[in-house]
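S.K.: Heads up, the sequence shown is in the numbering used here, so the first residue is 37 and it goes up one at a time. Note that beta-carbon positions come from the ideal geometry of N, C-alpha and C, so glycine has one too. This one's a predicted model, so the numbers in the text were calculated from it and none came from an experiment. Take this structure, written in structure tokens, and hold onto it; I'll ask about it next.
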Amino acid sequence: MTTAPTAAPTEDGVGPAVVRTRAELRDALGAWALTGPDASDRRAVVMTMGALHEGHLRLVRRAREAAGPTGQVVVTIFVNPLQFGPEEDLDRYPRDLEGDVAKVASAGADVVFAPAPDVVYPDGDPIVRVSAGRIGEVLEGAFRPGHLDGVLTVVLKLLHLTRPDVALFGEKDAQQLLAVRRMVRDLDLDVEILGVPTVRDPDGLAMSSRNAYLSDDERQAALALSRALRAGAEESAAGRGAAAVLATASGILNEAAGVVVDYLALVDPATVEQVPADHTGPALLLVAARVGTTRLIDNQAVDVVAPPAQDAAPGQEAPRD
Ligand code: PAF
């Protein structure tokens, strides 16, 4: 059994204050305001579900830069039940608050907000929720109905509770990042959203808290995702069009034993709508796949140059049994 971190900053004053209730959070935010921050100082928030890895710490370090040396960096740690489907891994999602606090302390966090579910949802499941609209119906939304609505609902609540000037999100969850950006724009929220590039292990696997579920063999199999994305990007760098990008990536995924693809798609980064076969310009190659019981997602920016005339229309989905 682990000891829960206290609600106070560590003795040496270096560690973050760990707060669990709305009142404690208000005090921590107010205490910073009373220190008379410079006009250029900002409050930056990084929202996480815990089980933190280097990808999260990159976000926290970037938040420190964005906030300024005497700005305030708030990390939220909350496994949000609203964004998990009934058959998903809410109960087994890894949790390690004590370890997480130690990690974000070294990355420069000032406050960790780690509320219990009844702090975030005092009335139980909220009746009113944010809808991700059509962004929430495709790709991740098609495989995880309601997931992005659940994400946006908690993100909006956490924005209200932490009142940041800037909020940072990882580019690995590309569809989530787009949905958050659209919410901020469409609902006129007064916060800047910064995307931070995906962090990969040396073997190419995108860092994810869910990687902890993978056995050694599954981890090897999971490398097919980043390999497929890289190969797709190389096709486009070599001057081949959208169909070739998809065909190459899909070929690698289909050959990978133990990898079951939910989707592979080449989309417009501004809408996540699939691009047409004659698309040129920036696009995002997105993949979601299951390896054993673990579901992984990854993506890669590609710049599609003029497609050769013989390129066929891209077959966007590459599901496999
Ligand atoms: O990306 C995540 O970890 C979660 O979706 C988020 C943004 C913290 C909302 O629960």
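So what's residue 284 in DSSP terms, helix, strand or just coil?
M.R.: In this structure, residue 284 counts as helix in the three-state DSSP scheme.
S.K.: Could you tell me if the beta carbon of residue 116 falls within a distance shorter than 8 Å of some heavy atom in the ligand PAF?
M.R.: yes
S.K.: If we count Cβ pairs, one from each stretch, closer than 8 Å, do we get three or more for the stretch 167 to 178 versus the stretch 110 to 119?
M.R.: no
S.K.: What is the chain-ordered set of residues for which the beta carbon lies under 6 Å from any non-hydrogen atom of the ligand PAF?
M.R.: 83, 84, 85, 116, 119, 187, 190, 191, 209, 212
S.K.: Can you name the residues that DSSP bridges to residue 307?
M.R.: Residue 307 is not bridged to any residue.
S.K.: Is the distance from the Cβ of residue 323 to the Cβ of residue 90 below 9 Å?
M.R.: no
S.K.: With H, G and I counted as helix, E and B as strand and the rest as coil, what does DSSP make of residue 228?
M.R.: strand
S.K.: Can you look up residue 143 in the DSSP assignment and give me helix, strand or coil?
M.R.: helix
S.K.: Would you give the residue range spanned by the beta strand (DSSP E) that residue 80 belongs to?
M.R.: Membership of residue 80 in the beta strand (DSSP E) is indicated by the continuous run 79 to 84.
S.K.: Let me check one thing: in DSSP terms, what residues is residue 297 bridge-paired to?
M.R.: 325
S.K.: Give the secondary structure of residue 318 by DSSP, where H, G and I count as helix, E and B as strand, and everything else as coil.
M.R.: strand
S.K.: Is residue 179 helix, strand or coil when you go by DSSP?
M.R.: helix
S.K.: According to DSSP, is residue 209 helix, strand or coil?
M.R.: coil
S.K.: Where residue 135 and residue 267 are concerned, what is the direct C-alpha to C-alpha distance, given to the nearest angstrom?
M.R.: Distance between the alpha carbons of residue 135 and residue 267 is about 36 Å.
S.K.: CA-CA distance, residue 304 and residue 233?
M.R.: Just so you know, the alpha carbons of residue 304 and residue 233 end up roughly 18 Å apart.
S.K.: Quick check on DSSP: helix, strand or coil for residue 163?
M.R.: coil
S.K.: To the nearest angstrom, how far is the alpha carbon of residue 321 from that of residue 265?
M.R.: Cα-Cα distance, rounded: 7 Å.
S.K.: Quick check: the stretch 96 to 104 against the stretch 194 to 211, are at least 3 beta-carbon pairs closer than 8 Å?
M.R.: yes
S.K.: Helix, strand or coil: how does DSSP classify residue 341 here?
M.R.: coil
S.K.: Note down, in chain order, each residue of its chain lying with its Cβ closer than 8 Å to the Cβ of residue 162, except the 5 sequence neighbours on either side.
M.R.: Once the five neighbours on either side are set aside, the close Cβ partners of residue 162 are 118, 189.
S.K.: What are the start and end residues of the alpha helix (DSSP H) that includes residue 258?
M.R.: 252 to 273
S.K.: Give the DSSP-derived three-state secondary structure of residue 31 in the structure shown.
M.R.: Since the first residue of the chain shown is 37 and the last is 357, residue 31 is not available in this structure.
S.K.: Our contact map puts residue 168 next to residue 184 with C-beta atoms below 8 Å; I'd like the distance itself, whole angstroms only.
M.R.: Yes, residue 168 and residue 184 are in contact; Cβ-Cβ is about 4 Å, under 8 Å.
S.K.: Under the rule that 16 or more other beta-carbon atoms within 10 Å means buried, what is residue 277, buried or exposed?
M.R.: Taking a 10 Å sphere around the C-beta of residue 277, we find 16 or more other C-beta atoms and assign the residue as buried.
S.K.: Kindly indicate which three-state DSSP category residue 276 falls into: helix, strand or coil?
M.R.: coil
S.K.: Need the endpoints of the beta strand (DSSP E) that residue 156 sits in, please.
M.R.: Note, residue 156: premise wrong, no beta strand (DSSP E); alpha helix (DSSP H) at 153 to 156.
S.K.: Does the beta-carbon of residue 76 have 16 or more other beta-carbons within 10 angstroms, so that it is buried, or is it exposed?
M.R.: Its Cβ having fewer than 16 others within 10 Å, residue 76 is exposed.
S.K.: Taking residue 54 as the reference, give the member of 247, 80, 137, 307 with the closest Cα.
M.R.: 137
S.K.: Just the Cα atoms here: how many angstroms apart are residue 325 and residue 243?
M.R.: 15 Å
S.K.: For residue 158, does the count of other Cβ atoms within 10 angstroms reach 16, so buried, or fall short, so exposed?
M.R.: exposed
S.K.: Have a look at residue 40 and residue 70 and give me their C-alpha separation to the nearest angstrom.
M.R.: Here residue 40 scores only 40 on pLDDT, less than 50, and its place in the model should not be relied on; the value that follows carries that caveat. Taking the straight line from one Cα to the other gives about 28 Å.
S.K.: Can you give me the Cβ contacts of residue 356 inside the same chain, cut-off strictly under 7 Å, excluding the 5 residues immediately before and after it?
M.R.: Legend: pLDDT at residue 356 = 39, less than 50; position of this residue unreliable, value from coordinates given subsequently. Contacts found: 290, 296, 297.
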